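In the working numbering, the protein residues as written are 1052 to 1439.
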């Protein structure tokens, strides 16, 4: 088969790229190793930046975000005895939305059905070929048949473990493994807060997030290698209550039935360049950030926004300026978000070193009480304009 752009990966990055290309008059075929049901159900990011919402709305994908998403003006920063609200709208004129990746995926799947985009799920043996001349992709479809797609460009939106990342020869790779993980839970209980609480505590970081008006998402800092099943429900709620300040100034954490437990290791990873010949990387295929700064999904959206414009210009207008600068343009934002995610992570997670703890508390107090410090956090968290 033949198409203009072969897209590897049918998560939000791949489907959004296919959607934007279709709007620009460019054909694509999407390949995905997992089943459609698996991809649709993956529980990942839940915060959309201001710029991400603007991009999704401009692509005709914003109706449910506005109707069902939860608009947040800011976050709470907390340490024992103190909780401070940072209002992003007042500080930076931008806000965020709580709208889970699963919901973004639903919107993209619905849009795909309307556009008639071609997607092959449950494929195997995906391989990329001849990237510097006449690119093509080979794979085995779910019926066991060998297939080949010839394309003008290939987009690697297949995350950390797909074939695209390793198809870039002599890439420079930067990685940091953090000495802690997150124990995350989903609970069938209304959130105990109106906006996210980021809590520093001597026993470790805690985060109170949410998925909806009836579902809470909460996290605890735990050692690497922690088995989530080694933590009982009661122990989790007790530790969350301690770290989040149950009883502080009358605030209460309401527990509820836990429906999911998982442990998320923390790491930063950046690979450069994000292009090799006719292969272009986007999202987790090129970079990973710890979730503290809520940047993973938003970085993927920003990559795809740049890449879609560049591919449309290259294929429809034979203008190569945007495609030639794609990697450099994308990585400017990648490194900014990588730094912000590292900064939030190291400010809030304890190491057991009393000296580090005092530095963290000093920094938290500065951010909470300095307009300049608070504005810097707000500007980065709510998201810089796409194209920064």
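Yeah, the Cβ is synthetic: ideal placement off N, Cα and C, and Gly gets one too. As the structure is a prediction and not an experimental result, all values here were calculated from the model.
For residue i, the nearest candidate out of the options (CA to CA)
i            : options                : result
residue 1081 : 1240, 1145, 1167, 1135 : 1167
residue 1100 : 1149, 1213, 1228, 1403 : 1149
residue 1061 : 1092, 1075, 1055, 1118 : 1092
residue 1212 : 1335, 1405, 1343, 1401 : 1335
residue 1069 : 1156, 1119, 1305, 1137 : 1156
residue 1192 : 1173, 1208, 1180, 1206 : 1173
residue 1244 : 1302, 1388, 1073, 1372 : 1302
residue 1265 : 1052, 1106, 1121, 1111 : 1121
residue 1252 : 1402, 1307, 1384       : 1402
residue 1423 : 1141, 1065, 1323, 1283 : 1141
residue 1288 : 1304, 1179, 1360       : 1304
residue 1315 : 1416, 1354, 1269, 1224 : 1269
residue 1170 : 1186, 1087, 1273, 1181 : 1087
residue 1209 : 1066, 1183, 1104       : 1066
residue 1392 : 1405, 1281, 1346       : 1346
residue 1201 : 1408, 1052, 1406       : 1052
residue 1118 : 1089, 1158, 1164       : 1158
residue 1408 : 1181, 1180, 1255, 1221 : 1255
residue 1085 : 1291, 1342, 1179, 1175 : 1175
residue 1074 : 1165, 1090, 1154, 1217 : 1165
residue 1107 : 1242, 1355, 1180, 1291 : 1355
residue 1350 : 1292, 1431, 1285       : 1431
residue 1154 : 1371, 1109, 1090       : 1090
First through last residue of the alpha helix (DSSP H) which encompasses residue i
i            : result
residue 1375 : 1372 to 1399
residue 1064 : 1063 to 1074
residue 1092 : 1087 to 1092
residue 1365 : 1347 to 1368
residue 1297 : First-last for residue 1297: undefined, no H or E at that position.
residue 1156 : 1152 to 1166
residue 1427 : 1422 to 1433
residue 1203 : Element bounds for residue 1203: n/a, residue is neither H nor E.
residue 1139 : 1139 to 1143
residue 1102 : 1101 to 1109
residue 1248 : Looking at the DSSP string, residue 1248 is not in any alpha helix (DSSP H); the run it does join, the beta strand (DSSP E), is 1248 to 1250.
residue 1114 : 1114 to 1119
Residue i vs residue j beta-carbon contact at 8 Å
i            : j            : result
residue 1139 : residue 1433 : yes
residue 1177 : residue 1330 : no
residue 1097 : residue 1262 : yes
residue 1196 : residue 1063 : no
residue 1275 : residue 1215 : no
residue 1386 : residue 1340 : no
residue 1160 : residue 1249 : no
residue 1229 : residue 1325 : no
residue 1055 : residue 1083 : no
residue 1437 : residue 1102 : yes
residue 1327 : residue 1389 : no
residue 1395 : residue 1344 : yes
residue 1425 : residue 1247 : no
residue 1419 : residue 1135 : yes
residue 1124 : residue 1146 : yes
residue 1190 : residue 1198 : yes
residue 1435 : residue 1384 : yes
residue 1299 : residue 1400 : no
residue 1226 : residue 1376 : no
Beta-carbon separation (whole angstroms), residue i vs residue j, contact threshold 8 Å
i            : j            : result
residue 1362 : residue 1204 : 6 Å
residue 1234 : residue 1279 : 6 Å
residue 1374 : residue 1364 : 7 Å
residue 1348 : residue 1381 : The Cβ separation is near 15 Å, so there is no contact.
residue 1076 : residue 1367 : 6 Å
residue 1059 : residue 1206 : 7 Å
residue 1359 : residue 1072 : 6 Å
residue 1111 : residue 1104 : So it is not a contact: roughly 13 Å between Cβ atoms.
residue 1240 : residue 1296 : Not really, about 18 Å apart at Cβ, beyond 8 Å.
residue 1323 : residue 1223 : 5 Å
Segment limits, beta strand (DSSP E) that includes residue i
i            : result
residue 1316 : 1309 to 1323
residue 1223 : 1223 to 1238
residue 1149 : 1147 to 1149
residue 1270 : 1267 to 1273
residue 1058 : 1056 to 1059
residue 1257 : 1257 to 1261
residue 1176 : 1175 to 1180
residue 1126 : 1125 to 1130
residue 1169 : 1169 to 1171
residue 1340 : Unbroken run through residue 1340: none, as it is neither H nor E.
Checklist entry - Below 8 Å, can you find three or more Cβ-Cβ pairs linking the segment 1412 to 1420 to the segment 1123 to 1132? => result yes
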